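Q:
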Amino acid sequence: MSASNLNETAVNRREFLVRLGITGALIAGSGLAARKLWQPNHFVPGFEKEKGLQLKSYAPEISKVMPSLAIVHGTEHEKIIRAAMGLLGGMERFIQRGDVVMIKPNVAFDRPPALAATTHPDALRAVAKLCFEAGASKVIVADNPINSPTGCFFKSGLTAVAAEMNLDLMYPETNSFAPLSLDGEILKEWTFFNTPFKKATKVIGLAPCKDHNLCHASMTTKNWYGLLGGRRNQFHQHIHSIVSDFALMMKPTLVILDGMNVLMSNGPTGGRLSDVKPMNTIVAGTDMISVDAYGYSHLLERDIAELTYLHKANDRSLGNINWKDTLYKEVTV
Amino acid sequence: MASDKKYGGGGRKEFVRTRVPVVERVASAVILLLVVAIGLAIYHKGKIFDPNLYSVRSDALKSTANAVEGKNGTVPSAPAAAPAVTEVPKAVAEKSAGGEEASPEGGAEGSATPKPAEKGQPLEIALAGTKPMGDTEFYNSDTLYEKIDGRSPAYQSFNVQALRCRSFAVNAAAGSFVDVYEYRFDNPVDAFGMFALERDPKGSPLDFAPDGYSGEMGYFYRQGAVYVQIIASDVKPETMAVAKSIALNRAKELPADDSGLAGRRKLPADGMLADSVAYVPENAQGQSSLKDVFQAKYKFDGAEIPFFVMVASADDAAKAWKSFQDFCGKFGTVENLPDASGAKIFRAQVFGKWKVVYQRAGELGGAFDADDGDKARAFIEKYLRGELK
Chain D
68 MSASNLNETA
78 VNRREFLVRL
88 GITGALIAGS
98 GLAARKLWQP
108 NHFVPGFEKE
118 KGLQLKSYAP
128 EISKVMPSLA
138 IVHGTEHEKI
148 IRAAMGLLGG
158 MERFIQRGDV
168 VMIKPNVAFD
178 RPPALAATTH
188 PDALRAVAKL
198 CFEAGASKVI
208 VADNPINSPT
218 GCFFKSGLTA
228 VAAEMNLDLM
238 YPETNSFAPL
248 SLDGEILKEW
258 TFFNTPFKKA
268 TKVIGLAPCK
278 DHNLCHASMT
288 TKNWYGLLGG
298 RRNQFHQHIH
308 SIVSDFALMM
318 KPTLVILDGM
328 NVLMSNGPTG
338 GRLSDVKPMN
348 TIVAGTDMIS
358 VDAYGYSHLL
368 ERDIAELTYL
378 HKANDRSLGN
388 INWKDTLYKE
398 VTV
Chain Z
-9 MASDKKYGGG
1 GRKEFVRTRV
11 PVVERVASAV
21 ILLLVVAIGL
31 AIYHKGKIFD
41 PNLYSVRSDA
51 LKSTANAVEG
61 KNGTVPSAPA
71 AAPAVTEVPK
81 AVAEKSAGGE
91 EASPEGGAEG
101 SATPKPAEKG
111 QPLEIALAGT
121 KPMGDTEFYN
131 SDTLYEKIDG
141 RSPAYQSFNV
151 QALRCRSFAV
161 NAAAGSFVDV
171 YEYRFDNPVD
181 AFGMFALERD
191 PKGSPLDFAP
201 DGYSGEMGYF
211 YRQGAVYVQI
221 IASDVKPETM
231 AVAKSIALNR
241 AKELPADDSG
251 LAGRRKLPAD
261 GMLADSVAYV
271 PENAQGQSSL
281 KDVFQAKYKF
291 DGAEIPFFVM
301 VASADDAAKA
311 WKSFQDFCGK
321 FGTVENLPDA
331 SGAKIFRAQV
341 FGKWKVVYQR
351 AGELGGAFDA
361 DDGDKARAFI
371 EKYLRGELK
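Going down the list, the protein sequences come from chains D and Z.
Just so you know, the numbering used here puts 249 at position 182 of the first sequence, and the rest follows in order with no gaps.
Just so you know, the numbering used here puts 84 at position 94 of the second sequence, and the rest follows in order with no gaps.
(1) Quick check on Z:Ala268: does DSSP put it in helix, strand or coil?
(2) Tell me, please, which residues DSSP counts as bridged to Z:Asn161.
(3) Comparing the C-beta of D:Cys282 with each C-beta of chain B, is any distance below 9 Å?
(4) With 16 as the cutoff for other CB atoms within 10 Å, does D:Lys265 come out buried or exposed?
(5) Skipping 5 residues on each side, what residues in its chain have a beta carbon closer than 7 Å to that of D:Phe110?
(6) Along the stretch 201 to 232 of chain Z, where does the CB come closer than 9 Å to a CB of chain D? Name the residues.
(7) According to DSSP, is D:Glu231 helix, strand or coil?
(8) For the stretch 132 to 146 of chain Z, which residues have a beta carbon sitting closer than 9 Å to at least one beta carbon of chain D?
(9) Where Z:Leu244 and Z:Glu127 are concerned, what is the direct C-alpha to C-alpha distance, given to the nearest angstrom?
(10) Mind listing the chain Z neighbours of D:Ala183? Cutoff is C-beta to C-beta under 7 Å, in chain order.
(11) When the cut-off is 9 Å and only beta carbons count, does D:Pro112 lie next to chain Z?
(12) Output the boundary residues of the alpha helix (DSSP H) element that contains D:Tyr238.
(13) Since I believe D:Ala314 is in contact with D:Ala380 (beta carbons under 8 Å), could you give me their beta-carbon distance rounded to a whole number of angstroms?
(14) Could you work out which residues of chain D lie near Z:Asp190, taking near to mean beta carbons separated by less than 7 Å?
(15) To the nearest angstrom, report how far apart Z:Ile295 and Z:Ala360 are at their CA atoms.
(16) Assuming D:Pro246 and D:Leu120 form a contact by the criterion Cβ under 8 Å, report the distance between their Cβ atoms to the nearest whole angstrom.
(17) Look at the alpha carbon of Z:Gly100 and the alpha carbon of D:Leu294, and state the distance between them as a whole number of angstroms.
(18) Going by C-alpha distance, which of D:His144, D:Gly156 and D:Ala150 is nearest D:Ser130?
(19) Below 9 Å between beta carbons: does that hold for Z:Trp344 and Z:Ala366?
(20) Looking only at its chain, what residues have a beta carbon closer than 7 Å to the beta carbon of Z:Leu251, apart from the 5 residues adjacent to it on each side?
(21) For Z:Gln339, which beta-bridge partners are listed by DSSP?
(22) Could you give the DSSP three-state label for Z:Glu127: helix, strand or coil?
(23) Rounded to the nearest angstrom, what separates Z:Ser194 and Z:Gly205 at their Cα positions?
(24) Quick check on Z:Val216: does DSSP put it in helix, strand or coil?
(25) So if DSSP puts Z:Arg156 in a beta bridge, which residue, or which two residues, is it bridged to?
(26) Within the same chain, show all residues whose beta-carbon is closer than 6 Å to that of Z:Ala237, passing over the 5 residues directly before and after it, in chain order.
(27) Please state if the CB of Z:Pro143 and the CB of D:Leu281 are separated by a distance shorter than 9 Å.
(28) Looking at C-alpha atoms only, which residue of D:Leu182, D:Leu330, D:Val139 and D:Ala230 is the closest neighbour of D:Ala284?
(29) Under a CB-based cut-off of 9 Å, is D:Glu115 close to chain Z?
(30) How many Å lie between D:Glu82 and D:Gly98 at the Cα?
(31) Output yes or no for whether 9 Å exceeds the beta carbon distance between D:Ile138 and D:Val398.
(32) Let me know if D:Glu231 comes out buried or exposed under the rule of 16 or more other beta-carbons within 10 Å of its beta-carbon.
(33) In terms of alpha-carbon separation, which member of D:Asn261, D:His305 and D:Tyr238 lies closest to Z:Gly140?
(34) D:Arg298 to Z:Glu136, Cα distance in whole Å?
(35) I'd like the list of long-range same chain contacts for D:Lys205, defined as Cβ closer than 8 Å, with 5 residues on each side in sequence excluded.
(36) Closest Cβ-Cβ distance between Z:Asp169 and chain D: below 9 Å?
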């Protein structure tokens, strides 16, 4: 190549600087873009450490005049639950027109209702009815039983109630779970039955009151265990810690403890009518720890001092174990 | 030389490439755009990633269960190490789909996945008026929690081996059903132990199963090493009739085996408080020589008498009796009573409570912790005469 040819195609200083500037800008832009897209732990798309979801609070505003705990004695589910809600200010205090309400029953086992190991269908029917009366647009019923969900819902009688009341029965499916993050005593990152919470604007826990082989009692706080996925039985070794964490994980709109028929022994499965004692009581409230404290001492008729998970939750200011110190009302209907 | 200075002399390579062809410029632009597009695609995929998309399809692993033949042949697996993917119970599979497969964080806790229970013989009950509601479910000790959750540790403490269960619809009562649970333990004694732990004090004895009772909604008994629970969905006569038929059927079909329960058979039924029957494997009454002891409480002449019995060799029974007598003498007062019905007997008052202990051949037993020494003696003498059935 001759010198004249080189002169024709050569870049001058200005053009060189312009090109240098463009190149530098591209490199800098790439660096900034990479920084924006970079994830510190893993950058293998699809396998990166996800930040788990954190449940929002569904709790109502704290009232200084309205009771936070209602205790009602009687013999008919609907009548008693209606009375309990009346004492708390009516279901309208908790459910507004257009709300999508998620009711979390305890359907852990495929047991018939009479054995009191699961949420009673009459209790679900009554709560759902009150929700609709308050203006709820939809009522979702969801639980993640360890055992076959269809069998548990069917045998507990809740499938029939859902059909009768046109409730949205939500079984756990493969894609129903999402990772949950919590700064709990033991619950940090865990898979969670999340699908119902994508739609729900209000959450009601509806639990039976029953004996539990490992943690003494299963009531409204322990009920949230049924939202965990995976091999959650490994938490059994730290059951009081995990149950107390549920008071941190879940801030429900309302909890209702069904103490009409209480499984007094051989829980949580039961199996004999002789394990069941009619206590004819419904306890409803906004503080699950207070509700359970009443349930343990007055329905299971045991010493509250031994129920470690309630004390743990109380010590972490997640609820008040001294239910008598709360604003409560008690009636018989 | 002038050109050398202008374009880099001094021995360095000349800079000669100053015109980039259009094709190359276009190709460069395309590559750059592709890099950007790939980056965006990766970012987008990461955002919408569904972990289940990459979950293992266990069916796809079935082919690997077979040993490879020929040049690349592998050593066949031992039966115990056979892949578990071929025998996943329906209920377990359902749960895997619902929970475990969808829970990558679940595995992060470091707990090993339990081996699924092997499918055994389906629970077939050929009875008129019933119809199976689904397949037979199978669980082993590791997976039992999937069926009974927090109740499983109690069964594991008695060495439960397996659970086989199935539900049966009652044709004569719409919506009614009967659940059949068969818990298999490692031996009849452990099956008895779990049965006794859950015993209903109000249950009525069964004539077809000595260790059994009926409750208001079911039948519960031990047959061999199996603890059977027949639970009705309600108390309708039709449902309870089917429950009883199934209970009779299972008692007939399951093999009887009372190994290790000779002591249990010695406990009389007369006056027994049903829920008080217990098995103490060792160190009964605080005595190292008292092993495999069965005990129960009895209502007798207005008093409550706790009674125990152990069956061993005559030599061991005699040694245990002497050892127990020495112990009582050390901590209380002992009175030797006249032999009765071929048994030697002593009565002792220890820490304010009465014991009346006998030994007859390989049988050692007695009343303990009784408030009334005379009634305890009368109970034992009546028992030895065979007047308590």
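All C-beta atoms in this analysis are idealised placements derived from N, C-alpha and C, irrespective of residue type, glycine included.
Given the structure is predicted, the values throughout are model-derived calculations rather than measurements.
A: Walking through what the data contain:
(1) strand
(2) Looking at the DSSP assignment, Z:Asn161 forms no beta bridge with any residue, so it has no partner.
(3) Judged by its chain identifiers, the structure shown contains no chain B, and its protein chains are D and Z.
(4) exposed
(5) At D:Phe110 the pLDDT is 46, less than 50, meaning the model places this residue with poor confidence; the figure from the coordinates comes in the next sentence. So no residue of the chain qualifies.
(6) Gly205, Glu206, Met207, Gly208, Phe210, Gln219, Ile221, Ala222, Ser223, Asp224 and Val225
(7) helix
(8) Tyr135, Glu136, Lys137, Ile138, Asp139, Gly140, Arg141, Ser142, Pro143 and Ala144
(9) 18 Å
(10) Result: empty, since nearest Cβ-Cβ is about 11 Å, beyond 7 Å.
(11) Confidence is the limiting factor: at D:Pro112 the pLDDT is only 49, short of 50, which leaves the residue's position unreliable, though a coordinate-based value still follows. By this cut-off, D:Pro112 is an interface position.
(12) D:Tyr238 -> no alpha helix (DSSP H), and no H or E assigned at all.
(13) 4 Å
(14) Arg339 and Ser341
(15) 6 Å
(16) 7 Å
(17) Because the pLDDT of Z:Gly100 is 37, which lies under 50, any placement of that residue in the model is unreliable, and the question is left without a value.
(18) D:Gly156
(19) yes
(20) Pro178, Val179 and Phe182
(21) Z:Thr323 and Z:Trp344
(22) strand
(23) 7 Å
(24) strand
(25) Z:Val170
(26) Tyr209 and Ile220
(27) yes
(28) D:Leu330
(29) A caution first: D:Glu115 carries a pLDDT of 48, below 50, which makes its placement in the model too unreliable to give a value.
(30) 24 Å
(31) yes
(32) exposed
(33) D:His305
(34) 9 Å
(35) Val167, Val168, Asp235 and Lys266
(36) yes
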